[in-house]
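>
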Amino acid sequence: MKILIVEDEKALGESIAEYLSKQDYHCDMAFTFHDAIDKIEYSDYDCILLDITLPDGDGLKILEQLKEDKKTDGVLILSAKNSLDDKIKGLELGADDYLSKPFHLSELNARIAAIIRRKNFDGNSIVKFGNLCIDTQKKSVTVEQKEIELTKKEFELLLYFVSNKKRLISKDAIAEHLWGNEMGGNFDFIYTHIKNLRKKLTDAGAADYIQSVYGMGYKFTGQ
Amino acid sequence: MKLIAKYNRVNIPITIGILLISSIAYYFILHYVLLRQVDKDLRIEQQEIIHHLSESGTLPETSNYKDQQIAFEPTNDTKFEEKLSTEWVYNKNEDEEEPFRRIDFMVTQNGQNYIATVKKSEQETEDIVRLILMITFSVIAVLLFILFVSNRFLLGKLWKPFNHTLSQLKQFNLSSKNNITLEPTNVDEFIELNNTAISLTQKVKNDYDSLKSFTGNASHEIQTPLAIIKNKIELLLQSEHLEESHINIIKSLNNAASRLSRLNQSLLLLTKIENRQFSNNEKINFSSVLKNCLENFQEPAELKNIQIEKNIKENVIVEMNDSLADILISNIVINAIKHNYPGGNISVMLNENAFVVDNTGDEPKRETTELFERFKKESASPESLGLGLSIVKTICDTYGFGISYNFQGGKHCITIFLKNIF
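Those protein sequences? They're chains A and B, same order as listed. Going by the working numbering, the first sequence opens with residue 1, and the numbers climb by one from there. Going by the working numbering, the second sequence opens with residue 224, and the numbers climb by one from there.
1. Spatial neighbours of Asp208 (chain A) within its chain, please: C-beta separation below 7 Å, excluding the five flanking residues on both sides.
2. Just to confirm the assignment: which complete alpha helix (DSSP H) runs, minimum length 4, are found wholly within the segment 90 to 173 of chain A?
3. Spell out whether any CB of chain A is found under 8 Å from the CB atom of Ala228 (chain B).
4. Using three-state DSSP, classify Arg499 (chain B) as helix, strand or coil.
5. Among B:Met543, B:Gln260, B:Glu284, B:Ser279, which one has its Cα closest to the Cα of Leu307 (chain B)?
6. Whole angstroms are fine: how far does the CA of Glu525 (chain B) sit from the CA of Phe578 (chain B)?
7. For a cutoff of 8 Å on Cβ pairs, would you count Glu575 (chain B) as touching chain A?
8. Which residues bound the beta strand (DSSP E) around Ile369 (chain B)?
9. Quick one: list the residues of chain B neighbouring Leu229 (chain A), beta-carbon separation under 7 Å, in chain order.
10. The alpha helix (DSSP H) that contains Phe189 (chain A), what's its start and end?
11. Please determine if the segment 479 to 496 of chain B and the segment 419 to 431 of chain B are in contact, where contact requires at least 3 C-beta pairs separated by less than 8 Å.
12. Do we get a CB-CB distance below 8 Å when we pair Ala204 (chain A) with the residues of chain B?
13. Considering only their Cβ atoms, is the gap separating Asn563 (chain B) from Ile529 (chain B) smaller than 8 Å?
14. Among residues of its own chain, excluding the 5 on either side of Asn164 (chain A), which ones have a beta-carbon nearer than 6 Å to its beta-carbon?
15. At 4 residues or longer, and completely inside the segment 42 to 82 of chain A: list those alpha helix (DSSP H) runs for me, N to C.
16. In whole angstroms, what separates the C-alpha of Val571 (chain B) from that of Ala80 (chain A)?
17. Going by the DSSP bridge assignment, what does Met29 (chain A) pair with across the sheet?
18. Less than 8 Å between CB atoms is the rule here; does Met216 (chain A) satisfy it with respect to chain B?
19. Could you have a look at Gly623 (chain B) and say whether DSSP puts it in helix, strand or coil?
20. Of the residues that make up the segment 429 to 445 of chain B, which ones have a beta carbon closer than 7 Å to any beta carbon in chain A?
21. Is any beta-carbon of chain B found at less than 8 Å from that of Lys200 (chain A)?
22. So if I threshold CB-CB distances at 8 Å, which residues from the segment 11 to 28 of chain A count as touching chain B?
23. Taking the alpha-carbon positions, what's the Leu63 (chain A) to Ser15 (chain A) distance?
24. So does the segment 243 to 259 of chain B actually touch the segment 353 to 360 of chain B, counting three or more Cβ pairs closer than 8 Å?
25. Using CA coordinates, which residue listed in A:Met216, A:Phe161, A:Asp86 is at the minimum distance from Gln500 (chain B)?
26. Helix, strand or coil for Glu505 (chain B)? Go by DSSP, reduced to three states.
27. Cys516 (chain B) and Val556 (chain B) look like a contact to me (Cβ under 8 Å); what is the Cβ gap, rounded to whole Å?
28. Between the segment 343 to 352 of chain B and the segment 293 to 303 of chain B, are three or more C-beta pairs nearer than 8 Å?
29. So, does the CB of Ser546 (chain B) fall closer than 8 Å to a CB anywhere in chain A?
30. So Ile288 (chain B) is in the alpha helix (DSSP H); what residue range does that whole segment cover?
31. Which two residues bound the contiguous alpha helix (DSSP H) that contains Lys527 (chain B)?
32. Just mark Pro297 (chain B) as buried or exposed, buried being the case when its beta carbon has 16 or more other beta carbons within 10 Å.
33. Keeping to the same chain, check which residues put their C-beta closer than 8 Å to that of Lys435 (chain B); ignore five residues upstream and five downstream.
34. Could you check what DSSP says for Glu284 (chain B) in three-state terms: helix, strand or coil?
35. Looking at chain B, is there any beta carbon in it that lies within less than 8 Å of the beta carbon of Ala36 (chain A)?
36. Between Thr340 (chain B) and Ile293 (chain B), what straight-line distance do the alpha-carbon atoms span, to the nearest angstrom?
Here it is as structure tokens:
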């Protein structure tokens, strides 16, 4: 899987690249508008992470260029502006998603995974982990052909875990993923939520994948 | 006290006083002048009598007309000096005392001395004085009345530009885009007032705008470094060889960074709402936004064993920005869950007029209206920013929704009046 990171903040770009590389993505970096234009011309990417405020050009122009070249690369806009206009314009120009800074790397990773799943949609909406089988289309989970009844939020949580498997996900990243920014700061719910999900999974015969780490967060892991 | 009342309080007594004093002076002067005229007539009469005596050697006939009487009386006094005086004589016809002016002087006929007396009625003079005074008083009265009435109308008209400026200043709103518009006037004082008002409001507005854009820009610029900090912390967490003491440090770092990030985002949101950057209003199905929100937070509520009682009318349409509708509703719902106690309850009511959420919870330690202010919060927990309700208030202000917050019978009740007051 190839990913292009277009981000003028070097430190930010490098963090993203480091996180994603461990997820078996191959990451290219572009720090300027022109660099980005060159790179999209010569290679195809599964997903492009695009910061639209670049020092030497409007990031939205890159979207236009992609459209002109009839490329189907997935695009995820990263913006410090969190402006509705940019979001609407970006999505109209063919971007797949929009994430405002600051964000959790686990959130970014889950969004990229979702984009790639949609792009490669040829009956491949099934995500597998151990004996878990998640159908992202039907929003259903099975363990050895046995379906597990999950609430909407529990399903989202499970998918989030599987997208960030073997990574430590902090509690606030989970809270923000499930309920948005407003819920931030209050983590009592997450503990109970995870307990319920864990119980449903183990009751259905799955292994206990969810591992609590130092009260800091959780890791979804096979070991 | 109104300026006109204050002015009148001084002006009217002084005017009346001056008019009174001058009327009295006028009376005496007029009286004196007319008396001199009568005296002059009497002296002419005296001359005529003396003249008649020297011509014909006889005294003229006495006469006794109503307004002029001449009489002679023999006397032995040889040293009588002529004198002018006023006497009051009873008039039978009019049944009153009338003033008469008389002159007494001595004449001699054939060696016999007589005192001649000429009397002239002063009644006419008195009448004239009285008439003139009456005219004067009525003129003064009419004048005062006209002044009073014209002041009323004229002053109202004169002060109109001032009142207009005043009402514009009262309505002046820093966050609205419109400048104040003042009525043109040709009164120097008001022109100066208007110019000052315009330059003052302009300056205040500019200062406010630059402060606002500073806040906005600063918050923006903070986002990227914050993103770097948060992401580096996340990366650090992924390392395999962390000791527990390190984890604890990272945990505090992460909490602080998250709090800063939420704080910053909330401030940015407030600035954006105040700058009217959410201008694309559309007809929102408030009922379905509310239902989605309740569904979204259903699990946190259930986990806390909170009963939610819903009384939501279908298809309540409100014209506003959809993101703001979402933020408004979720802030209120989250508050109702967060500041509730386990096993408590929430009741949500919605119809065309109002959106009411009440929930059980601890009694607020401060005035409920204070909680709309920024950074005023009830809980001491660092997770609570104290911006949620002020965001709600700002959104309501933007759309002219009334909002009230009461605590009664162990329940917090927030009411938003959706019929806007504009």
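For glycine and all other residues, C-beta sits at the position ideal for the given N, C-alpha and C. In this text, all values refer to a predicted model and were calculated from it rather than measured experimentally.
Checking against the coordinates, here is how it stands:
1. Here the set comprises Arg198, Thr202.
2. DSSP runs (the alpha helix (DSSP H)) wholly in the segment 90 to 173 of chain A: 105 to 119, 152 to 163.
3. Interface annotation, Ala228 (chain B): not in contact with chain A, CB-CB separation never under 8 Å.
4. DSSP places Arg499 (chain B) outside both helix and strand once states are collapsed to three, so it counts as coil.
5. Considering only alpha carbons, the answer is B:Gln260.
6. Distance between Phe578 (chain B) and Glu525 (chain B), taken at the CA atoms: about 22 Å.
7. Closer than 8 Å: no.
8. Per DSSP, Ile369 (chain B) is not a residue of any beta strand (DSSP E); the alpha helix (DSSP H) it occupies stretches across 346 to 381.
9. Past the boundaries of the shown model lies residue 229 (chain A); chain A is included only from 1 to 223, so the question cannot be answered.
10. 188 to 203 is the span of the alpha helix (DSSP H), which, as asked, contains Phe189 (chain A).
11. As far as the Cβ criterion goes, the segment 479 to 496 of chain B does not touch the segment 419 to 431 of chain B, which means the pair count is below three.
12. False, the Cβ-Cβ gap to chain B never drops below 8 Å.
13. Cβ atoms of Ile529 (chain B) and Asn563 (chain B): closer than 8 Å.
14. Excluding sequence neighbours, Asn164 (chain A) sits near Ser106, Asn109.
15. Segments of the alpha helix (DSSP H) lying fully in the segment 42 to 82 of chain A: 59 to 68.
16. Going by the C-alpha atoms only, they are around 35 Å apart.
17. In the DSSP output, where bridge partners are listed per residue, Met29 (chain A) has A:Ile5.
18. Yes, Met216 (chain A) counts as interfacial toward chain B.
19. Coil at Gly623 (chain B), not helix or strand.
20. So the list reads His443, given in the order they occur along the chain.
21. Not closer than 8 Å to any Cβ of chain B, the Cβ of Lys200 (chain A) fails to qualify, so no.
22. Residues passing the 8 Å Cβ filter: Ala11, Leu12, Ser15, Ile16, Glu18, Tyr19, Lys22.
23. In this structure, the alpha-carbon of Leu63 (chain A) lies about 24 Å from that of Ser15 (chain A).
24. Yes, the segment 243 to 259 of chain B touches the segment 353 to 360 of chain B.
25. Looking at the Cα atoms, A:Asp86 is the closest of the given residues.
26. For Glu505 (chain B), the three-state secondary structure derived from DSSP is strand.
27. That belief holds up - the Cβ atoms of Cys516 (chain B) and Val556 (chain B) are roughly 5 Å apart, short of 8 Å.
28. With the rule of 3 Cβ pairs closer than 8 Å, the segment 343 to 352 of chain B does not count as touching the segment 293 to 303 of chain B.
29. A Cβ of chain A is located within less than 8 Å of the beta carbon of Ser546 (chain B).
30. Note that residue 288 (chain B) corresponds to Tyr in the displayed sequence, not to Ile. Segment: none, Tyr288 (chain B) is in no alpha helix (DSSP H) and carries neither H nor E.
31. Run containing Lys527 (chain B): none; DSSP gives neither H nor E here.
32. With a 10 Å radius around the Cβ and a threshold of 16 neighbouring Cβ atoms, Pro297 (chain B) comes out exposed.
33. Answer for Lys435 (chain B): Thr494, Glu497, Asn498, listed in chain order.
34. DSSP places Glu284 (chain B) in coil when its eight states are reduced to three.
35. Look at Ala36 (chain A): its C-beta is not under 8 Å from any C-beta on chain B.
36. Thr340 (chain B) and Ile293 (chain B): Cα-Cα distance of roughly 6 Å.
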